[in-house]
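Right, one structure below, let's go through it.
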Amino acid sequence: MGVLIKTKGLVQGIGFRPFVYRIAVKHGLKGYVRNVGDGTVEIFVEGGNIESFLKELRNAPLSQIEKMDIREEKDRGYEDFVIEKSTGERKEKGAIVPPDIAICDECLREMYDRNNRRYRYFFITCTHCGPRYTIIRKLPYDRENTTMDEFAMCEDCEREYKNPVDRRYHAQTVACGECGPEIFLIKDNAIIEKGEEAIRRAAKEIEQGHIVAIKGIGGFHLAVDAQSDKAVGRLREMYGRPSQPFAVMVRDIDSAERIAYIDDLEKKLLTSFSRPIVVLRKKGEKLSRFVSPGLHTIGVMLPYTGLHYLLFDHLEIDAIVMTSANHPGNPILKDEKEMNKIDADCFLIHNRKIHQRCDDSVVRAVNGRVSFLRRSRGYVPLPLNVHINFKRDVAALGPELDVTICLLTGNKAILSQYIGNTSKYDTLEYLKDCLQHLCRLFGVEPSVIACDLNPAFETSQLAREIAEEKGTEVIEVQHHFAHAASLIGEHGLDESICIAVDGYGYGLDGQAWGGEIIYAGRDFKRMGHIEYFPLIGGDRATYYPLRVVAGILGKKVEDWLIERKNSFPHGEKEIEVIMKQRGDILTSSCGRFLDGISALLDICHYRSYEGEPAMKLEAAAASGREALDIEPVIKGDKIMVKEIFEEIFENLKRYRREDLAFTAQKYIATSLAELAIEKADSEGVKNIGISGGCAYNDFITTEIARRVKREGLNFYQNEKVPCGDGGVSFGQGIYCGIMRMD
Ligand SMILES: [Zn+2]
Ligand SMILES: [Zn+2]
967 MGVLIKTKGL
977 VQGIGFRPFV
987 YRIAVKHGLK
997 GYVRNVGDGT
1007 VEIFVEGGNI
1017 ESFLKELRNA
1027 PLSQIEKMDI
1037 REEKDRGYED
1047 FVIEKSTGER
1057 KEKGAIVPPD
1067 IAICDECLRE
1077 MYDRNNRRYR
1087 YFFITCTHCG
1097 PRYTIIRKLP
1107 YDRENTTMDE
1117 FAMCEDCERE
1127 YKNPVDRRYH
1137 AQTVACGECG
1147 PEIFLIKDNA
1157 IIEKGEEAIR
1167 RAAKEIEQGH
1177 IVAIKGIGGF
1187 HLAVDAQSDK
1197 AVGRLREMYG
1207 RPSQPFAVMV
1217 RDIDSAERIA
1227 YIDDLEKKLL
1237 TSFSRPIVVL
1247 RKKGEKLSRF
1257 VSPGLHTIGV
1267 MLPYTGLHYL
1277 LFDHLEIDAI
1287 VMTSANHPGN
1297 PILKDEKEMN
1307 KIDADCFLIH
1317 NRKIHQRCDD
1327 SVVRAVNGRV
1337 SFLRRSRGYV
1347 PLPLNVHINF
1357 KRDVAALGPE
1367 LDVTICLLTG
1377 NKAILSQYIG
1387 NTSKYDTLEY
1397 LKDCLQHLCR
1407 LFGVEPSVIA
1417 CDLNPAFETS
1427 QLAREIAEEK
1437 GTEVIEVQHH
1447 FAHAASLIGE
1457 HGLDESICIA
1467 VDGYGYGLDG
1477 QAWGGEIIYA
1487 GRDFKRMGHI
1497 EYFPLIGGDR
1507 ATYYPLRVVA
1517 GILGKKVEDW
1527 LIERKNSFPH
1537 GEKEIEVIMK
1547 QRGDILTSSC
1557 GRFLDGISAL
1567 LDICHYRSYE
1577 GEPAMKLEAA
1587 AASGREALDI
1597 EPVIKGDKIM
1607 VKEIFEEIFE
1617 NLKRYRREDL
1627 AFTAQKYIAT
1637 SLAELAIEKA
1647 DSEGVKNIGI
1657 SGGCAYNDFI
1667 TTEIARRVKR
1677 EGLNFYQNEK
1687 VPCGDGGVSF
1697 GQGIYCGIMR
1707 MD
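Sequential numbering from 967 applies to the sequence shown in my numbering.
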């Protein structure tokens, strides 16, 4: 008797077939393994211990087997076990392309083994590890279709590549010091060191307080000594980032534990093959105070390539700032010809081309679950399974900031890497390039383009241009409907009440929405929201949140504002003008509400990066407790805000700022939960979820979850796609699937 096995999931491009070969031989089996069209691997075995073979197969390293069909068949009389040539052109849509994978333990062990021929070779990889997505030009995933095609294998590498029992059998990234990519240190436009000397010198430069640009897997990083105020301060000045937090790379998990608290989930994330930046709670200020000023958290990652490990070998310090080398809003830089856009004292570069740019992923544990701030390197382009069957392909272009794009085909959604701020020319070009690349890679031909309802976004403009050129349909999706759709799409829900809370989204009535209670299911409806309050000066109020305070409290705070006149670019005169305005732009934004509280508590008067006032409010509240007992004030479908601003204003001198920050967060969380529960009751809906940028606030999400569950309802949050605007493209696509296509 034989067995035919078909497996689906991430089983191609990660050494799955050699693994199958090894265990088949080990258990005395005969037959074959081969890749077939759509990301399926087919295995036939007979004549040995099939039971124990299957047991080991289910525990294959790295593979995420989604489906395994096993069928008994007649013996076929194979004489041995073979890896057969791939069949099919892999034209079928939604084939699985592996993400970039951190160096594996086995490669690491070899890199430190004096007797190994890859001893201290910085680009050591195998079938289980190394770059994938960033180097693949097209499918099938063969060497000639990757940027490794420029490196002809030496005899030794080729022998491993062709040997089915070797763990580098068909490893497209196989290389060694003889034949593979090389590394250089460039200073003042000249190569000054090569090989390990280049790495040693780069480490010295970092320790001397210099800024070193390092070419990595998905683009250039800037590295500086994370302990040096001078070095970190200089980096901030040069890149016009006065206070946006920098991520740090630390030597190992012990070093991470010295600067931050790490729970089991966080540890699992830090050490996973995706190696994201994990936002952790700081343990005091052990690094330079300029690394993440004013925040209670710090973004930490572990080394993920041989090069990173070798760099730490030459460093005495345990933590370096590692931030992408582009200026704010622009795409991560990847080519040598883009080096002129980087301000650094020297460049540690290698000569393997990067085909697709890819930033580091950023995650945070929120309410004890994984929350993606950025889903990029290590995760992209792994598809997400969805409960809708897309008969027509959809390309969704996202909103404006923190943009990703998403392709939807069949029952899969392919979410792109983080692209960024598409109001910048280079970033929009990056988006176009990425769209073309992903469509080609996955054989997707969109006939529907989804975009934001806001006609002013570049992505909305692009959607119209594509439609004109290719005759595709355009579907505009309201921003918070997209957030809500992302939640039901991710969890496969029929319907849910969704609390969609963020900074800004163009509303159906033309106002700036951002604190919404949405029904998402058969259709999408706004059920309630934070009451509108004026944004005096529109966008200026997002940069100067004292304007939010002025808009809500009016004359009452005039003298108080005058005491803070230095926080206004035009001082007292500006306050005078503000007092006369009532603001034409109204908002129901939860983000602006939190910003306003942050300004009222003198925590943050100026926003130098997206989300800053609200993040600093959360940091302050983290060491606070409840000061005032304020019940939610809900009138009809609206959550009132004036009352809480007044209470806090009147109690500014009576309580600690941390306690008032806590109180305000609790007020908004409680109110949102209460209104959502009321709407779930009236609609007979059993599910409540939260999405939008404010859902990154651990306190708010945890508090809402607690109240929802206490009512016996199910609670959901985004765990596979970002809850912020990086998840909007996915939501736009799901919305199209629900509303326009059956
Ligand atoms: Zn490896
Ligand atoms: Zn070689």
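Glycine residues also receive a C-beta, built at the ideal position from the N, C-alpha and C atoms. Note that the coordinates shown come from a computational prediction; the quantities given were computed from them, not determined experimentally.
Environment of residue i [buried if 16+ CB atoms lie within 10 Å]
i, result
"Q1547", "exposed"
"L1374", "buried"
"I1219", "exposed"
"N1317", "exposed"
"S1589", "exposed"
"K1307", "exposed"
"Q1138", "buried"
Residue i - partner residues in DSSP beta bridges
i, result
"V1190", "V1287"
"R1492", "I1484"
"M1215", "M1267, I1286"
"L970", "F1010, R1037"
"L1428", "Per DSSP, none; premise fails for L1428."
"C1092", "C1095"
"R1676", "None, per the DSSP bridge assignment."
"W1479", "G1471"
Backbone CA spacing between residue i and residue j [nearest angstrom]
i, j, result
"E1159", "D1284", "24 Å"
"R1673", "R1488", "26 Å"
"G1494", "F1665", "22 Å"
"Y987", "V999", "7 Å"
"E1055", "I1149", "In this prediction, E1055 has a pLDDT of 49, which is less than 50 and means its spatial position is unreliable; what the coordinates show is noted afterwards. Going from the Cα of E1055 to the Cα of I1149 covers about 36 Å."
"S1574", "Q1210", "7 Å"
"Y1227", "Y1270", "21 Å"
"G1655", "H1457", "10 Å"
"L1268", "A1630", "36 Å"
"R1676", "A1331", "22 Å"
"C1073", "I980", "14 Å"
"S1207", "G1199", "For the record, residue 1207 in the displayed sequence is Arg; it is not Ser. Answer to the nearest angstrom: the Cα atoms are 10 Å apart."
"R1591", "R1623", "10 Å"
"F968", "K1686", "Per the sequence presented here, residue 968 reads as Gly, with Phe not at that position. Taking the straight line from one Cα to the other gives about 38 Å."
"V1440", "P1412", "11 Å"
"I1243", "L1105", "29 Å"
"E1282", "I1298", "28 Å"
Coarse secondary structure for residue i, derived from DSSP in three states
i, result
"H1136", "coil"
"S1452", "helix"
"L1648", "This sequence places Ser at residue 1648; Leu is not what is there. Helix, per DSSP."
"D1359", "strand"
"F1010", "strand"
"C1702", "helix"
"N1111", "helix"
"R1335", "strand"
"G1437", "coil"
"Y1472", "strand"
"Y1127", "helix"
"V986", "helix"
"R1330", "strand"
"H1457", "helix"
"L1583", "helix"
"I1544", "helix"
"L1566", "helix"
"V999", "strand"
"Q1683", "strand"
"S1462", "strand"
"I1502", "coil"
"F1047", "strand"
"H1446", "helix"
Enclosing alpha helix (DSSP H) for residue i [first to last residue]
i, result
"I1165", "1161 to 1173"
"T1237", "1230 to 1237"
"H1274", "1272 to 1279"
"F1019", "1016 to 1024"
7 Å Cβ cutoff, residue i in contact with chain C
i, result
"I1090", "As a matter of chain content, chain C is missing from the structure shown, which is built from one protein chain."
Endpoints, the beta strand (DSSP E) within which residue i is located
i, result
"M1267", "1263 to 1267"
"T1375", "1372 to 1381"
"I1180", "1178 to 1181"
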